[in-house]
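Chains as they are written, first to last, in this note's numbering: chain A, 4 to 362; chain B, 63 to 494. Note that the Cβ used here is the ideal one computed from N, Cα and C, for glycine as well. Bear in mind the structure is a predicted one, so any value in this text is a computation, not a measurement. One structure is given here, and the rest of the page talks about it.
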Amino acid sequence: MQKTIVLTSALCGFGLAAQAQNQEVNVVSWGGAYERSQVEAYNIPFAKKTGIKVNMLAADNPATPLKAQVEAGNITGDVFDIEVSDAIRLCDEGALVEIDPADLPPAPDGTPAAEDFIPGALRECAVANIFWGTVIAFDTTKFGDNPPATAADFFDLEKFPGKRGLPRNPKRTLYLALIADGVAADAIYDTLDTPEGVDRAFARLDTIKNDVVWWDAGAQPVQLLADGEVSMATGYNGRFFDAMVSEGKPFQIIWDGQYMDLDMFAIPKGSPNPEAAMAYLKFATDTQRLADQARYIAYGPSRKSSAALVGLYQDGKTEMGPHMPTNPEHMTTAVMDDPEWWADHDAEMVERFNAWLAN
Amino acid sequence: MAHSLDPQGAAVTASEIAPEGPLRTADGQPLARALARSQARARRQAFLLVLPLLLFVLITFVVPIGQMLQRSVKNDGFSANMPQISAWFAENPPGTEPDAAAWQALALDLQAAAEARSIGVVGTRINYDMPGTRSLFTSAGRQVRRGIEPPYREKLLEMDEDWADPQLWSVMRQASTPYTANFYLAAMDMTRDEAGNIVRVEEQQRVYLMLFMRTLWLSLLITFTTFVLGFPVAHLLATLPMRKSNLLMILVLLPFWTSLLVRTTAWMVLLQQQGVINDVFVWLGIINDSQRLQMIYNQTGTIIAMTHILLPFMILPLYSVMRTINPSYVRAARSLGATSWTAFRRIYFPQTLPGLGAGALLVFILAVGYYITPALVGGSSGQLISNLIAMHMTRTLNWSMAAALAAMLLGGVLILYWLYDRLVGIDNLKLG
């Protein structure tokens with residue numbers, strides 16, 4: 004014990020260790036199983052190592068309180084777990100602290116952080132912790148010997164009868180319609196950039212519109228599938244994994260046409276504990292911590308060096324590799340989120356999507 | 063002292079001893095002044111008593127609504143961060159071709175905004191009126207952050223030819239003053255064309271007016287169904303013997319005390335296609351297993367769940383009014399030869415109107431602003447305008463738009479309230 008304390012002080016420098024006695028850091032994240040994975044993998048070891056208390060706060064989308072706090076000029080959170088598009092937008096608006104990749108810890112073999120992170124995972128004001136996928140899952144008891152296997156099957160109501168669960172937003176529906184329509188994964192945003200491409204996506208969605216149950220919260224698609232209300236649904240891969248492995252539900256994931264997104268840590272300017280916030284961010288995004296998180300939830304670490312350290316799920320027997328959205332086999336037809344495109348077109352698409360839904 | 067300030071005591075004394083000149087109190091002060099002073103003190107005390115509530119309402123209600131209303135017409139994201147080009151727009155009338163001075167102002171503003179990291183705010187503001195332009199600003203900002211040299215026009219056009227788009231200049235001109243009505247236009251499915259004329263947006267983008275109408279129509283329908291369902295229950299409550307009516311009252315109040323989310327989720331369990339009601343229908347053989355009814359995730363779901371949730375707000379005011387109705391009036395009507403229908407229609411029902419008015423107004427106003435229930439059980443056809451307000455608050459983060467929609471909803475409710483006052487009279491309201 005004595006040794007740990009000495010080591011810790013040496014690591015953090017005497018000044019920080021002395022201060023750390025009554026320091027704390029407020030981290031705003033998404034709640035649920037995801038938050039639990041962060042508490043286990045980041046917060047508990049961080050508190051043990053530095054003595055800084057971590058307060059975990061849950062929000063439906065942490066970007067909402069962040070924006071509200073910036074608008075009100077009263078920042079109470081130190082670290083926010085937000086989506087890339089929000090990170091870029093808030094950074095452009097000058098609300099976030101800039102983060103120099105050189106300050107982040109290198110990989111265990113000495114590779115600097117700037118090269119260790121997967122491209123796109125480091126932004127001017129934010130550092131990614133996980134990759135997560137929006138994927139199709141289906142109920143294996145519904146389709147017998149001839150189960151669906153592609154995004155096109157999702158739109159085939161004759162061969163694969165039953166309702167479909169889709170999120171009520173354009174970002175995670177339009178791409179799927181285009182993939183099913185035969186557009187290549189890397190051409191999605193070029194297609195969406197033209198009015199004809201958008202029409203094409205909506206035309207494809209039209210074919211199943213009457214058989215869609217729309218969901219808003221991440222827990223809903225799992226519930227809809229479990230209730231038998233829908234036979235196929237798209238949702239977050241970690242949630243489906245949780246239902247399949249922890250609860251033993253008869254679901255199967257189709258990785259074809261998965262939509263990949265990143266969650267990032269960002270620190271707002273004017274946060275109450277800036278030093279503790281930066282220390283937390285550096286600690287939570289080091290190689291070991293990112294790999295540890297995968298023990299608790301099936302989201303892919305954003306560092307290349309973490310992949311080798313990912314082992315078994317907390318049940319001690321499930322190999323995590325095949326369940327990761329970052330598994331090379333799952334990446335072949337994956338659509339990467341294009342935050343710049345969405346920053347430009349989100350409002351326009353949301354309006355058109357809502358008009359389409361309502362009519 | 064206390065005696066001399068007592069207005070009544072003072073008046074009596076004054077009239078007894080000073081019949082001539084201005085009335086005076088016992089200690090010689092003019093009565094009017096003493097009276098005014100004592101009344102002022104009473105008023106001050108009364109004011110101090112209501113002060114906590116007044117402050118509470120002011121801080122939690124009036125100020126936020128005021129801020130929201132201001133936000134719906136004010137957005138200085140462009141004008142505050144792009145001062146030079148805004149000044150150029152102010153000096154030159156609409157229709158002026160951008161000259162060298164304009165391009166210089168634009169380029170230098172872009173550079174300054176990029177340095178100050180406010181370029182994102184500028185881009186977001188313009189993007190509201192002209193989708194797809196946010197990246198134009200942010201990417202130009204990245205390129206000019208370290209400085210930009212003349213010729214400015216050519217440099218900017220080299221980065222992106224869209225900088226010469228006349229519509230972009232028209233939109234920038236509109237955004238160059240902090241106050242704008244554009245958010246209200248957008249909330250009515252309208253926009254401005256290149257020349258600044260107000261036109262309707264393309265058909266595939268029209269959504270708000272339709273949702274306002276749907277919100278109004280569904281709220282009226284839900285008010286009506288709560289009336290039809292609640293009136294007999296309230297009558298039973300008011301006329302049954304005490305023990306039975308107490309039991310019935312608990313049945314009415316129990317769901318009222320249950321969490322809104324729990325009740326909404328319960329309806330999902332009951333109504334969904336694999337749910338209890340469909341299961342019972344299939345078991346009874348009323349419908350085939352393959353033809354299960356779609357009763358949720360559409361308008362029907364919204365109507366059923368909201369009617370149930372708002373029912374107590376209709377029953378309780380009706381009940382409180384019905385209890386005070388003297389049963390001998392109806393008996394008298396019957397004994398004078400009225401049929402039971404006539405007695406109900408002409409004697410009983412008019413007396414319940416104050417409760418009905420209060421219940422209907424409560425249910426209607428609550429229904430107009432509902433959003434959790436339609437979000438959960440409304441599917442696509444059961445969404446209300448409040449769901450879009452919530453979306454603009456939390457997803458697109460366009461608070462000005464959310465404020466404009468909310469202000470229109472507020473205005474609509476106030477108009478209906480005024481109509482109600484004119485037609486029925488707000489004095490006739492009886493809440494309990």
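Practice task
Measure from the alpha carbon of ASP112 (chain A) to the alpha carbon of each residue in A:MET334, A:ASN149, A:LYS307, then state which is nearest.
Solution key: Between ASP112 (chain A) and the set A:MET334, A:ASN149, A:LYS307, the nearest pair of CA atoms involves A:LYS307.
Handout entry: Euclidean distance between Cα positions of PHE134 (chain A) and THR186 (chain B)
Key = PHE134 (chain A) and THR186 (chain B): Cα-Cα distance of roughly 27 Å.
Practice task
State yes or no: is the beta carbon of VAL183 (chain B) nearer than 8 Å to at least one beta carbon in chain A?
Solution key: Closer than 8 Å: yes.
Practice task
Decide yes or no for the touch test of the region 447-464 of chain B against the region 222-236 of chain B: beta carbon pairs closer than 8 Å, at least 3 of them.
Solution key: Short answer: they don't touch.
Handout entry: Boundaries (first-last residue) of the alpha helix (DSSP H) holding ASP142 (chain A)
Key = First-last for ASP142 (chain A): 129-142, but that is the beta strand (DSSP E), not the alpha helix (DSSP H).
Problem - Top-ranked residue by Cα proximity to GLU86 (chain A), from A:PHE158, A:ASP264, A:LEU315 - result: Nearest in C-alpha terms to GLU86 (chain A), of all of A:PHE158, A:ASP264, A:LEU315, is A:ASP264.
Practice task
Taking only beta-carbon positions, decide if MET250 (chain B) is within less than 8 Å of chain A.
Solution key: By this cut-off, MET250 (chain B) is not an interface position.
Handout entry: Burial state of ARG99 (chain B) (16 or more Cβ within 10 Å)
Key = Flag for ARG99 (chain B) reads exposed.
Exercise for the section: Verify whether the separation of the beta carbon atoms of GLY292 (chain B) and LEU198 (chain B) is less than 8 Å. Expected result: No, Cβ-Cβ distance for GLY292 (chain B) and LEU198 (chain B) is not below 8 Å.
Practice task
Flag this pair as yes or no: are the beta carbons of VAL225 (chain A) and ALA206 (chain A) separated by less than 8 Å?
Solution key: It is not a contact, given that the beta carbons lie outside the stated cut-off.
Problem - ALA310 (chain A) beta carbon less than 8 Å from that of PRO304 (chain A) - result: Going by beta carbons, PRO304 (chain A) and ALA310 (chain A) fall inside the 8 Å limit.
Exercise for the section: Taking a Cβ distance cut-off of 7 Å, strictly less, list which residues of the region 92-123 of chain A are near chain B, in chain order. Expected result: Using a CB distance below 7 Å, the part of the region 92-123 of chain A facing chain B consists of ARG92, ASP95, GLU96, GLY97, ordered along the chain.
Problem - alpha helix (DSSP H) segments (min. 4 residues) lying fully within the region 456-489 of chain B - result: DSSP runs (the alpha helix (DSSP H)) wholly in the region 456-489 of chain B: 461-485.
Handout entry: Strand pairing of ARG354 (chain B), partner residues [DSSP]
Key = Answer by DSSP bridge pairing: none, since ARG354 (chain B) is not bridged.
Handout entry: C-alpha distance - GLY347 (chain B) paired with THR414 (chain B), whole-angstrom precision
Key = Going by the C-alpha atoms only, they are around 43 Å apart.
Handout entry: Buried versus exposed, by CB contacts within 10 Å (16 or more), PHE245 (chain B)
Key = With 16 or more Cβ atoms within 10 Å of its Cβ, PHE245 (chain B) is classed as buried.
Practice task
Work out the CA separation of PRO294 (chain B) and ASN388 (chain B) for me, nearest whole Å.
Solution key: Approximately 17 Å, taken between the alpha carbons.
Exercise for the section: Please report the Cβ distance between TYR239 (chain A) and ASP341 (chain A), rounded to the nearest whole angstrom; I am assuming they are in contact, meaning their Cβ atoms lie under 8 Å. Expected result: Contact annotation, TYR239 (chain A) with ASP341 (chain A): C-beta distance approximately 19 Å; criterion of less than 8 Å not satisfied.
Problem - Closest by C-alpha distance to ALA202 (chain B), when choosing among B:PRO212, B:ASP191, B:THR242, B:ASP222 - result: Cα-wise, what sits closest to ALA202 (chain B) is B:ASP222.
Practice task
Would you please verify whether the beta carbon of LYS145 (chain A) is less than 8 Å from any beta carbon of chain B?
Solution key: So no, LYS145 (chain A) is outside the interface.
Exercise for the section: Tell me, please, which residues DSSP counts as bridged to ARG355 (chain A). Expected result: Residue pairing by DSSP places ARG355 (chain A) opposite no residue, since no beta bridge is assigned to it.
Problem - Sequence ranges, beta strand (DSSP E) only - wholly within the region 304-329 of chain A, length at least 3 - result: Correct list: empty.
Problem - Proximal residues of chain A, C-beta to C-beta of GLN267 (chain B) below 7 Å - result: Simply GLU354, ARG355, ALA358.
Handout entry: At least 3 beta-carbon pairs within less than 8 Å: the region 77-85 of chain A vs the region 46-55 of chain A
Key = Touching, no.
Practice task
Determine the contact status of ALA61 (chain A) and GLY34 (chain A), defining contact as a CB-CB distance below 8 Å.
Solution key: Cβ distance < 8 Å, so ALA61 (chain A) and GLY34 (chain A) count as in contact.
Practice task
Would you tell me roughly how many angstroms separate the C-alpha atoms of LYS366 (chain A) and ILE91 (chain A), rounded to the nearest one?
Solution key: The first residue shown for chain A is 4 and the last is 362, placing residue 366 (chain A) beyond what the model contains.
Handout entry: PRO271 (chain A) to VAL183 (chain B) span [Cα, whole Å]
Key = One C-alpha to the other measures close to 16 Å.
Practice task
Might you give, ordered along the chain, the residues of its own chain that have their beta carbon closer than 7 Å to the beta carbon of VAL475 (chain B), omitting 5 neighbours on each side?
Solution key: Same-chain partners within the cutoff: ILE427, VAL430.
Handout entry: Ranges of the alpha helix (DSSP H) found wholly within the region 187-223 of chain A, counting only runs of at least 4
Key = Those alpha helix (DSSP H) runs which fall completely within the region 187-223 of chain A and span 4+ residues are 191-195, 198-209.
Handout entry: Cross-strand partners of SER88 (chain A) (DSSP beta bridge)
Key = DSSP, once it has assigned bridges, lists no residue as partnering SER88 (chain A).
Practice task
For ASN172 (chain A), name the three-state secondary structure that DSSP assigns.
Solution key: In the structure shown, ASN172 (chain A) adopts coil according to DSSP, grouped into three states.
Practice task
State the start and end residues of the unbroken alpha helix (DSSP H) segment that holds SER134 (chain B).
Solution key: Per DSSP, SER134 (chain B) belongs to the alpha helix (DSSP H) from 125-135.
Exercise for the section: Could you tell me whether the Cβ of ASP81 (chain A) comes closer than 8 Å to any Cβ of chain B? Expected result: Contact of ASP81 (chain A) with chain B is not assigned, every C-beta pair being separated by 8 Å or more.
Handout entry: chain A contact for PRO374 (chain B) (CB, 8 Å cutoff)
Key = Taking Cβ atoms only, chain A never reaches closer than 8 Å to PRO374 (chain B), which makes this a no.
Practice task
Given a cut-off of 8 Å, decide if ALA204 (chain A) and ALA180 (chain A) are closer than it, judged by their beta-carbon atoms.
Solution key: One thing to note: ALA180 (chain A) has its Cβ within 8 Å of the Cβ of ALA204 (chain A).
Exercise for the section: Would you decide whether SER442 (chain B) is buried or exposed? Buried here means 16 or more other CB atoms lie within 10 Å of its CB. Expected result: Counting of Cβ neighbours within 10 angstroms places SER442 (chain B) among the buried residues, the total reaching 16 or more.
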